[in-house]
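Colleague:
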Amino acid sequence: MKVLVTGGAGFIGSNFVHRTLETRPDAEVTVLDLLTYAGSQTSLDGVHDRIRFVEGDVADASLVDRLVGEADVVVHFAAESHNDNSLDDPSPFVQTNLVGTFALLEAVRRHGVRYHHISTDEVYGDLELDDPKKFTEDTPYNPSSPYSASKAGSDLLVRAWVRSFGIRATISNCSNNYGPRQHVEKFIPRQITNVIDGVRPKLYGAGLNVRDWIHVDDHNEAVWTIVDKGVSGETYLIGADGEVNNLDVVRLILELMGEDPDGFDQVTDRAGHDLRYAIEAGRLRQELGWTPRYDSFRDGLAATIEWYRANEAWWRPQKEATEAKYARTQQVLS
Ligand code: NAD
Ligand code: TDX
Numbered sequence: 001m002k003v004l005v006t007g008g009a010g011f012i013g014s015n016f017v018h019r020t021l022e023t024r025p026d027a028e029v030t031v032l033d034l035l036t037y038a039g040s041q042t043s044l045d046g047v048h049d050r051i052r053f054v055e056g057d058v059a060d061a062s063l064v065d066r067l068v069g070e071a072d073v074v075v076h077f078a079a080e081s082h083n084d085n086s087l088d089d090p091s092p093f094v095q096t097n098l099v100g101t102f103a104l105l106e107a108v109r110r111h112g113v114r115y116h117h118i119s120t121d122e123v124y125g126d127l128e129l130d131d132p133k134k135f136t137e138d139t140p141y142n143p144s145s146p147y148s149a150s151k152a153g154s155d156l157l158v159r160a161w162v163r164s165f166g167i168r169a170t171i172s173n174c175s176n177n178y179g180p181r182q183h184v185e186k187f188i189p190r191q192i193t194n195v196i197d198g199v200r201p202k203l204y205g206a207g208l209n210v211r212d213w214i215h216v217d218d219h220n221e222a223v224w225t226i227v228d229k230g231v232s233g234e235t236y237l238i239g240a241d242g243e244v245n246n247l248d249v250v251r252l253i254l255e256l257m258g259e260d261p262d263g264f265d266q267v268t269d270r271a272g273h274d275l276r277y278a279i280e281a282g283r284l285r286q287e288l289g290w291t292p293r294y295d296s297f298r299d300g301l302a303a304t305i306e307w308y309r310a311n312e313a314w315w316r317p318q319k320e321a322t323e324a325k326y327a328r329t330q331q332v333l334s
């Protein structure tokens, strides 16, 4: 099976490539990645000689047309992915997430290739802390940030191309991922690498916001389950019942790293900060038989900390510029 993986040099995409090569000996992988600030060739160390790597833009229609024409299936991870960046400059989010998805859909339509669209639970907006309901496939779209609006728009393009043009496509909306090779701009790697550097973790506001954490390998296993067994035109939510608030995550990181659990700073909150995400993944579990393998967030987080300790050469080049950018907008409050 010839698999075109867009964004395969990023966090989730690179883990998808590693896992695919480990578990699917028949897969021939092509990665299409623009190598933005978020993409790194070193995330594919160990597999360079087993894949084809194409440096390029998912919004480049002629390049995309050629690569899609050579594939059996497209798994589209490439995106601008960070909410804070989308508040600073939304422009690349519209270009990559909307125009890029449009280019892929047109190529998929021309070539009749199977397409899987990677999306996020953020398209559904946020929940109150005490809301007994979680997001389901039927929850109305209500995105908050330029990032989540651009992802929501890209999902709607996919749905329209299924209905209007009959393309063979599925969509998955997953909750917050953690694990190896995640950029240090994101919450968990930022705090781990801060602690390694002797810097106090930075919590937005009071830290009561809840995220529904899932290990990246569980996400990627779910993606393969949907590619193999999903019904075209359907959306599947991916989540592993991992709700934790940010304050508890920071305290756990500090504890696991042998520091005082109260040794963090509260900093300026994110504008429009979503309060809570929570996924009901019943369709994926019952209809397609997927179950997550990582059942302990504490153990998964401890392994992730070990990965960052052992792979400083991977993250060190990103760290200074990332913190300099945050320093322009975030002040320590207490
Ligand atoms: P990431 O920022 O780590 O990686 C994105 C990758 O896409 C990078 O390698 C980057 O170089 C590449 N890219 C960016 N613009 C491109 C373009 N125009 N053309 C080609 N390549 C381009 O992102 P991630 O966290 O791995 O997220 C991957 C996907 O999963 C995204 O679609 C995101 O919306 C979705 N998602 C992420 C999470 C999460 O917790 N990180 C959760 C749910 C869904
Ligand atoms: O330094 C920080 N301190 C902090 O308290 C950072 C970077 C974040 N936070 C908070 C904001 C969020 O409540 O932690 C939470 C997680 O933040 P992010 O890692 O930026 O993730 P989030 O905004 O929840 O979005 C993530 O999950 C959904 C991914 O970045 C998206 O790509 C995905 O769609």
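Each residue of the sequence shown is one higher than the one before, starting from 1 at the first, in full-length UniProt numbering.
Just so it is clear, CB atoms sit at the ideal spot from N, CA and C, and this is done for glycine as well.
Can you give the Cα-Cα distance for Arg-293 and Asp-131, rounded to whole angstroms?
Modeller: For the purposes of this step, residue 293 is identified with residue 293 of the sequence shown, where counting begins at 1. For the purposes of this step, residue 131 is identified with residue 131 of the sequence shown, where counting begins at 1. Distance between the alpha carbons of Arg-293 and Asp-131 is about 27 Å.
Colleague: Within 7 Å: the Cβ of residue 375 and any heavy atom of ligand 1?
Modeller: Residue 375 lies beyond the residue range present for the chain, which begins at 1 and ends at 334; the question has no answer from this structure.
Colleague: I'd like to confirm something about Asn-209: is its beta-carbon nearer than 7 Å to some heavy atom of ligand 2, or not?
Modeller: On the sequence shown, position 209 is the one that residue 209 refers to. At least one heavy atom of ligand 2 is nearer than 7 Å to the Cβ of Asn-209, so yes.
Colleague: For ligand 1, is there a heavy atom less than 7 Å away from the beta-carbon of Glu-234?
Modeller: For the purposes of this step, residue 234 is taken as the residue at position 234 of the sequence shown. Glu-234: no, Cβ never under 7 Å from ligand 1.
Colleague: Please determine whether the Cβ atom of Val-223 lies at a distance below 7 Å from any heavy atom of ligand 1.
Modeller: Taking the first residue of the sequence shown as 1, we reach residue 223 at position 223. No, the beta carbon of Val-223 sits no closer than 7 Å to any heavy atom of ligand 1.
Colleague: Label residue 338 either buried or exposed according to how many other C-beta atoms from any shown protein chain fall within 10 Å of its C-beta, with 16 as the threshold for buried.
Modeller: Any property of residue 338 remains undetermined from this structure, which presents the chain solely from 1 to 334.
Colleague: DSSP state of His-183, grouped into three classes?
Modeller: Here the question's residue 183 lines up with position 183 in the sequence shown. Of the three classes helix, strand and coil, the one that applies to His-183 here is coil, per DSSP.
Colleague: Per DSSP, which residues does Lys-202 bridge with? Please list them.
Modeller: Working through the sequence shown from its first residue, we reach residue 202 at position 202. Paired residues: Asp-265.
Colleague: Pick helix, strand or coil for residue 379, following the three-state DSSP scheme.
Modeller: Since the first and last residues shown for the chain are 1 and 334, residue 379 lies out of range.
Colleague: Tell me which residue opens and which closes the beta strand (DSSP E) that Phe-53 is part of.
Modeller: To locate residue 53, count along the sequence shown from 1; it is residue 53. Element bounds for Phe-53: 51-55.
Colleague: For Arg-114, count neighbouring C-beta atoms within 10 Å of its own C-beta (all shown protein chains included) and say buried if the count is 16 or more, exposed if not.
Modeller: For the purposes of this step, residue 114 is identified with residue 114 of the sequence shown, where counting begins at 1. By the 10 Å Cβ count, Arg-114 comes out buried.
Colleague: Can Asp-33 be considered in contact with ligand 1, in the sense that its beta carbon sits closer than 7 Å to one or more heavy atoms?
Modeller: Translated into positions along the sequence shown, residue 33 becomes position 33. Because some heavy atom of ligand 1 lies under 7 Å away, the Cβ of Asp-33 counts as near it: yes.
Colleague: What's the gap between the Cα of Val-158 and the Cα of Thr-322?
Modeller: Looking up residue 158 in the sequence shown gives position 158. Looking up residue 322 in the sequence shown gives position 322. If you take the alpha carbons of Val-158 and Thr-322, they lie about 33 Å apart.
Colleague: Could you check the C-alpha separation between His-273 and Ala-107 for me, to the nearest Å?
Modeller: What you label residue 273 is simply residue 273 of the sequence shown in a count that begins at 1. What you label residue 107 is simply residue 107 of the sequence shown in a count that begins at 1. The straight-line gap from Cα to Cα measures roughly 36 Å.
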